[in-house]
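Colleague: At position 170 of the sequence shown the residue is numbered 386 (our numbering), and the sequence of numbers has no breaks.
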Amino acid sequence: MASERDEDRDGAGTHGPGPAEVTGAAGPGAERTADPKVAAAIAAAEAAGAQHGETVRVDSWIWAVRLVKTRSVGATACRGGHVRVNGERVKPAYALRVGDEVRLRHEGRERVVVVKRLIRKRVGAPVAVQCYVDNSPPPPPREAVAPLGVRDRGAGRPTKRDRRELERLRALNSLSGPAGQSGPTGPRSPKGNSGAH
217 MASERDEDRD GAGTHGPGPA EVTGAAGPGA ERTADPKVAA AIAAAEAAGA QHGETVRVDS
277 WIWAVRLVKT RSVGATACRG GHVRVNGERV KPAYALRVGD EVRLRHEGRE RVVVVKRLIR
337 KRVGAPVAVQ CYVDNSPPPP PREAVAPLGV RDRGAGRPTK RDRRELERLR ALNSLSGPAG
397 QSGPTGPRSP KGNSGAH
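See below:
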């Protein structure tokens, strides 16, 4: 008899699922997460998110799911044509829906995501990943992206020729123009005086 009561209390008997099994399937579309903090954050994001049939602005959504650092960067990317929804360039106020494919070119990389959940508030990374399906191509390997202007340790001070080569490399890879122009008055000496001794 005592063993039968223990089974009923633990929910391990044949009378039905236990409390832990019932809370695991909260509803349609709910995913099982091992971490209760993540589960609580998902619930909070769903409560603050768009209701059934509502839409969210694309600039707000790409910020909320952490594809860009600020909403204004997201809006600027939309205005610059770096955000496409279902193959079309969109404005920042475009109404995003579940199932839309969002393509974002940001920081030299293209991100391709499919919207799974609409949210308005920015959430943590573990929750944000569950709001979309990432179909992005893998980033290039680190060794393929050579750092510019990095000298070997212990190589000493660069010669004038080395410095000019570094400036030429930086000018080729920057969008601001030649590296020799450091301002409206031209290059300056480190002491602030332009040649006066």
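Glycine included, each C-beta is placed from N, C-alpha and C at the ideal position.
1. What would DSSP say about E270, mapped onto helix, strand or coil?
2. Could you check how far apart the C-beta atoms of A293 and V281 are, in whole angstroms? I think they sit under 8 Å.
3. When you compare each of D368, G340 and V331 to N351 by their alpha carbons, which one comes out closest?
4. Can you list, in chain order, the stretches of the beta strand (DSSP E) that have 3 or more residues and sit fully within the segment 300-339?
5. What's the gap between the Cα of V339 and the Cα of A259?
6. Are the CB atoms of P353 and E326 nearer to each other than 8 Å?
7. Note down, in chain order, each residue of its chain lying with its Cβ closer than 7 Å to the Cβ of Y348, except the 5 sequence neighbours on either side.
8. Which first and last residues belong to the alpha helix (DSSP H) in which D378 is found?
9. Any idea what DSSP makes of D350, helix, strand or coil?
10. If you follow the alpha helix (DSSP H) that V345 is part of, which residue opens it and which one closes it?
11. Using a Cβ-Cβ cut-off of 6 Å (strictly less than) and excluding sequence neighbours within five positions of W277, which residues of its own chain qualify?
12. How many angstroms separate the CA atom of V274 from the CA atom of A256?
13. On the DSSP letters alone, give me the boundaries of the alpha helix (DSSP H) that V289 sits inside.
14. Round the Cβ separation of V343 and V272 to the nearest angstrom and send it over; I've been treating them as touching at under 8 Å.
15. Using only CA atoms, which one of N389, P252, D251 and R287 lies nearest to K337?
16. By DSSP, does P252 sit in helix, in strand, or in coil?
17. By how many angstroms is the C-alpha of G372 removed from the C-alpha of R384?
Modeller: Checking against the coordinates, here is how it stands:
1. In the structure shown, E270 sits in coil (DSSP, three-state: anything other than H, G, I, E or B).
2. The pair is not a contact, with the Cβ atoms about 14 Å apart (cut-off 8 Å).
3. V331
4. 317-322 and 325-331
5. When rounded, the distance between both Cα atoms is 11 Å.
6. yes
7. Cβ neighbours of Y348 beyond the five flanking positions: V281, V329, V330, V331 and K332.
8. K376 to N389
9. D350 sits in a strand when the DSSP states are folded into three classes.
10. A341 to V345
11. L312
12. 25 Å
13. Secondary structure note for V289: its alpha helix (DSSP H) is the uninterrupted segment R287 to R295.
14. About 15 Å separates the two Cβ atoms, so there is no contact after all.
15. R287
16. The three-state secondary structure of P252, taken from DSSP, is helix.
17. 20 Å
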